[in-house]
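See structure below.
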Amino acid sequence: MSIATSEFDVATPAERSEDYLWTLNFGPQHPATHTTLRLVLKLEGERVVDAMPEMGYLHSGFEKIGEHLTFNQYVTVTDRMNYISPMANNVAWHEAVERLLGIDLTPRCKYIRVIIAELARISDHLLCNGAVGLDTGAFTFFLYAFYQREVIYDIFETLCGARFTNSYTRVGGASQDFTPLVIEKIRTFLKTFPKTLDDMERLLTRNRIFVDRTKGVGVLSKAEAINRSATGPVARASGVTRDLRKDEPYLAYRDFDFKVCCASAGDCYARYLVRMAEMRESLKIVAQALENLPSGPVNVGIDQRTALPTKKQVYSTIEGTISHFELSMANRGFEVPCEESYAAIEAPNGELGFYVVGDGGEAAYRARCRPPSVLHFALFPQLIRGHTLSDVVAVLGSLNIIAAELDR
Amino acid sequence: MAEATASREPSSPDPAGSEASRAAQDAVAAVATAFPGVESSVFRGQRRVVVPAERSFEVLASLKEAGFDLLVDVSCVDYLEYRGAKRRFGLVYLLASTATAARLTIRVFVDEPVEGTDPCPVVRSVVPLWEGADWLEREVWDLFGIRFEGHPDLRRLVMPEEFTGHPLRKDYPLQGRGERHNFPVLTRDRS
Numbered sequence: 518m519s520i521a522t523s524e525f526d527v528a529t530p531a532e533r534s535e536d537y538l539w540t541l542n543f544g545p546q547h548p549a550t551h552t553t554l555r556l557v558l559k560l561e562g563e564r565v566v567d568a569m570p571e572m573g574y575l576h577s578g579f580e581k582i583g584e585h586l587t588f589n590q591y592v593t594v595t596d597r598m599n600y601i602s603p604m605a606n607n608v609a610w611h612e613a614v615e616r617l618l619g620i621d622l623t624p625r626c627k628y629i630r631v632i633i634a635e636l637a638r639i640s641d642h643l644l645c646n647g648a649v650g651l652d653t654g655a656f657t658f659f660l661y662a663f664y665q666r667e668v669i670y671d672i673f674e675t676l677c678g679a680r681f682t683n684s685y686t687r688v689g690g691a692s693q694d695f696t697p698l699v700i701e702k703i704r705t706f707l708k709t710f711p712k713t714l715d716d717m718e719r720l721l722t723r724n725r726i727f728v729d730r731t732k733g734v735g736v737l738s739k740a741e742a743i744n745r746s747a748t749g750p751v752a753r754a755s756g757v758t759r760d761l762r763k764d765e766p767y768l769a770y771r772d773f774d775f776k777v778c779c780a781s782a783g784d785c786y787a788r789y790l791v792r793m794a795e796m797r798e799s800l801k802i803v804a805q806a807l808e809n810l811p812s813g814p815v816n817v818g819i820d821q822r823t824a825l826p827t828k829k830q831v832y833s834t835i836e837g838t839i840s841h842f843e844l845s846m847a848n849r850g851f852e853v854p855c856e857e858s859y860a861a862i863e864a865p866n867g868e869l870g871f872y873v874v875g876d877g878g879e880a881a882y883r884a885r886c887r888p889p890s891v892l893h894f895a896l897f898p899q900l901i902r903g904h905t906l907s908d909v910v911a912v913l914g915s916l917n918i919i920a921a922e923l924d925r
Numbered sequence: 290m291a292e293a294t295a296s297r298e299p300s301s302p303d304p305a306g307s308e309a310s311r312a313a314q315d316a317v318a319a320v321a322t323a324f325p326g327v328e329s330s331v332f333r334g335q336r337r338v339v340v341p342a343e344r345s346f347e348v349l350a351s352l353k354e355a356g357f358d359l360l361v362d363v364s365c366v367d368y369l370e371y372r373g374a375k376r377r378f379g380l381v382y383l384l385a386s387t388a389t390a391a392r393l394t395i396r397v398f399v400d401e402p403v404e405g406t407d408p409c410p411v412v413r414s415v416v417p418l419w420e421g422a423d424w425l426e427r428e429v430w431d432l433f434g435i436r437f438e439g440h441p442d443l444r445r446l447v448m449p450e451e452f453t454g455h456p457l458r459k460d461y462p463l464q465g466r467g468e469r470h471n472f473p474v475l476t477r478d479r480s
């Protein structure tokens, strides 16, 4: 497979001493790791013989906190998991909670969640591909990508007041409804973004330097991708045609026309192409959802007693008043079954799921997060063996590892 | 695990007639005939199978053969304070099939051993079946203190190596226990 390891095989045991190997600490605070993670690389000259990924520098006990915060409070913590696309985490968390509680969302809420999850996917892929470009020397590309992220931040700010840590969803609904201004801003984004996407593709997709740096680097075979539990764009770039939006259509994904983007090469370049193609598909989904956005309420009805009623309902109906009081009081919230369930969404990074255990209380008994980054980071030694030190950043970038999600 | 008593059943993303649901149903039936004493239940369209700890590896191996080729997650729940629970820990293996998109949850319940010096339960590792289980099992060992027999490299994953204790156990408090004193004091000349 690699030059270094094949040399090992022919060497006699006496010569196999690894003394000549150079050990290099990459991270935890290297700018090209983008976040706080560490790699111990064993180098022979410039070639990586082995890599040992280390994590835990950002461990903050999110799962433990999840056992002490109520279902609605914990959404603020999910923001901080994959902070590149917090909206997708919000949707994933409340998807899992609503599965446990057995809440059926209103059609409008489903569409709104689809729109924000797809916008989050675009912003995540923009950063990931932008960072791959940046690490391989394409700075302009990164700036193009980041400018468009800024536009999406602006949409989210108009929607819920927060740019970065949105905490937008609520059990049984969302904190805000779409206003005409939000819809107008998303429409403008839908019009302007394809042009930038074209520019970005023209800048990088056939760029000789970029292709040389990424093609054939960090190859992941299909069998390996499945065996090592890779999901999302990483698995799809290796030919695994698994996309939860198609396979188990949650929310309203059944209503939309879109393709699952796959590649077969499994290298960094294929992962880049899959992400670029997915952004176009996401745009299609957002456009369809926005034009067919159902009218009606965002939150589930008062009788379900899960989402806070509107102020008008509180002041003018007795049910609204009672519901508002009960939901605001301790130990009088919604009923939680003594059961456990798992729900996952196709987050930008892969399958993001939550295994939630309810014990009748207002907080989860256990809130396990299934983070895609952990399994992708575990792939890293496999992908880098035999490549050069400069390929480390290309592979790391293409896996899109977010340390906050990694360590939780 | 009691059956659900909730009155509102949502429109399940996995309706009972679908290909995925049938595949999961067939797999559960096959497991039940091959391994007597295995219980299964359904909650919100999700099929779950409770497997005795000593046979978990065989069941998971047979399910992998039967088409559940993707190990989605390995995690654990500590039932110390759970009302009505009889066993201490419940391991969760989430399986999926990349061909039929079927899902299956395997539960393995273990207790703390009463005799011996090691207070940690032992379960057979599934790394020989799925290499993806490597880090997932390391995380369970780190946070719950469940040993995986046959794991190639069972080190802590998120907590530092010197750490003692397993923070996601229910008897480990949210705050207050002196985490700081678990670590040796580093001086400038020793660092």
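Residue numbers (this note's numbering), protein chains in the order written: chain A, 518 to 925; chain B, 290 to 480.
Positions of the beta carbon are idealized from the N, C-alpha and C atoms, including for glycine.
When the options are compared against residue i, the one with the closest alpha-carbon
i        : options                                   : result
A/ALA475 : A/GLU808, A/VAL803 and A/GLY749           : As shown, chain A starts at 518 and ends at 925. That puts residue 475 of chain A outside it, with no answer to give.
A/GLU879 : A/ALA794, A/TYR591 and A/GLU741           : A/TYR591
A/PRO697 : A/TYR767, A/ARG883, A/SER577 and A/GLU808 : A/GLU808
A/ARG616 : A/GLY689, A/LYS776, A/HIS585 and A/ARG797 : A/GLY689
B/PHE452 : B/GLY439, B/GLY434 and B/HIS440           : B/GLY434
A/HIS893 : A/LYS763, A/ASP772 and A/SER915           : A/SER915
A/GLU856 : B/ALA321, B/TYR368, B/ALA388 and B/VAL317 : B/TYR368
A/VAL909 : A/VAL565, A/ASP715 and A/TRP539           : A/VAL565
B/PHE450 : B/LEU432, B/ARG377, B/PRO462 and B/ALA391 : Residue 450 of chain B is actually Glu in this sequence, not Phe. Residue B/LEU432 is the option with its Cα nearest to B/GLU450.
B/GLY373 : A/ARG885, A/PRO888 and A/GLY877           : A/GLY877
B/ARG333 : A/GLU922, A/GLU852 and A/ALA860           : A/ALA860
A/ILE639 : A/ARG680, A/SER799 and A/VAL734           : A/SER799
A/ALA782 : A/LYS732, A/PRO811, A/VAL631 and A/LYS763 : A/LYS732
A/ASN724 : A/PHE658, A/ALA864 and A/SER692           : A/PHE658
A/HIS904 : A/ILE620, A/GLU561, A/GLY647 and A/LYS828 : A/GLU561
A/ALA911 : A/VAL649, A/ASP621 and A/GLY544           : A/VAL649
B/ALA483 : B/GLU308, B/ARG445, B/ARG337 and B/PRO456 : Because chain B here runs from 290 to 480, residue 483 of chain B falls outside it and cannot be looked at.
Sheet register partners of residue i (DSSP bridge)
i        : result
A/TYR872 : A/TYR859 and A/ARG885
B/TYR382 : B/VAL363 and B/ILE395
A/MET793 : According to DSSP, A/MET793 bridges with nothing at all.
A/ASN542 : A/VAL557
A/GLY867 : A/ALA864
B/PHE332 : B/GLN335
B/GLU354 : In the DSSP output, where bridge partners are listed per residue, B/GLU354 has none listed.
A/THR587 : A/ALA880
A/GLY690 : A/ARG687
Neighbouring residues, chain B, relative to residue i (Cβ below 7 Å)
i        : result
A/SER858 : PHE332, ARG333 and GLN335
A/TYR882 : TYR371
A/CYS626 : Ordered by position in chain B, no residue passes the 7 Å Cβ test against A/CYS626, which lies about 13 Å from the chain.
A/GLY578 : PRO456
A/HIS505 : Outside the displayed range of chain A (518 to 925) lies residue 505 of chain A, so it cannot be described from this structure.
A/HIS585 : LEU463
Under 9 Å by beta carbon: chain B residues contacting residue i
i        : result
A/LYS581 : LEU432, PRO456, LEU457, TYR461 and LEU463
A/ASN744 : ASP358, LEU359, LEU360, LEU418, TRP419, GLU420 and GLY421
A/GLY690 : Here the premise fails: no neighbours, minimum Cβ distance about 14 Å.
Residues that residue i contacts on chain A, provided the C-beta gap is smaller than 9 Å
i        : result
B/ALA309 : ASP764 and GLU765
Chain-ordered neighbours of residue i on chain A, where CB pairs are closer than 8 Å
i        : result
B/PRO449 : GLY573
B/LEU443 : Under the 8 Å cutoff, chain A gives no residues; its nearest Cβ is about 14 Å from B/LEU443.
B/ARG394 : The amino acid occupying residue 394 of chain B in the given sequence is Thr; Arg does not appear at that position. Simply TYR859.
Under 7 Å by beta carbon: chain A residues contacting residue i
i        : result
B/LEU364 : Note on residue identity: the sequence assigns Ser, not Leu, to residue 364 of chain B. Here the neighbours are TYR872 and ARG885.
Residues that residue i contacts on chain B, provided the C-beta gap is smaller than 8 Å
i        : result
A/LEU892 : GLY421, TRP424 and LEU425
A/ASP924 : VAL447
Residues in the segment 378-389 of chain B having any Cβ partner in chain A nearer than 7 Å: VAL381, LEU383 and THR387
To be precise: take each residue of the segment 412-428 of chain B, compare its Cβ to all Cβ atoms of chain A, and keep it if any distance is under 7 Å. Which residues remain? TRP419, GLU420, GLY421, ASP423 and TRP424
Of all the residues that make up the segment 335-351 of chain B, which are near chain A by a beta-carbon distance shorter than 9 Å? GLN335 and ARG337
Using Cβ-Cβ distances below 7 Å, what residues of the segment 752-763 of chain A are close to chain B? VAL757 and ARG759
If you measure beta-carbon to beta-carbon, which residues of the segment 862-875 of chain A are closer than 9 Å to chain B? GLU868, GLY870, TYR872 and VAL874
Along the segment 779-795 of chain A, where does the CB come closer than 7 Å to a CB of chain B? Name the residues. none
Is there contact here, the segment 713-721 of chain A with the segment 671-681 of chain A, by at least three beta-carbon pairs under 8 Å? no
If you pair each beta-carbon of the segment 863-875 of chain A with each one of the segment 332-352 of chain B, do three or more pairs fall below 8 Å? no
Report yes or no: do the segment 350-361 of chain B and the segment 438-456 of chain B share at least 3 C-beta pairs separated by less than 8 Å? no
Can at least three beta-carbon pairs, one atom from the segment 622-632 of chain A and one from the segment 777-786 of chain A, be found at a separation below 8 Å? no
Residues of the segment 588-599 of chain A in Cβ contact with chain B at a cutoff of 9 Å, in chain order, please. none
Of all the residues that make up the segment 611-623 of chain A, which are near chain B by a beta-carbon distance shorter than 9 Å? GLU615, ARG616, LEU617, LEU618, GLY619, ILE620, ASP621 and LEU622
Whether or not the segment 886-904 of chain A and the segment 541-553 of chain A are in contact is what I'm after, with contact meaning three or more pairs of Cβ atoms, one per stretch, closer than 8 Å; do they touch? no
Would you call the segment 645-661 of chain A and the segment 843-854 of chain A in contact, with 3 or more CB pairs under 8 Å? no
Chain B contacts made by the segment 895-912 of chain A, where a contact means CB separation under 7 Å: ALA895
Are at least three pairs of beta-carbons, each pair with one atom in the segment 793-800 of chain A and one in the segment 724-744 of chain A, less than 8 Å apart? no
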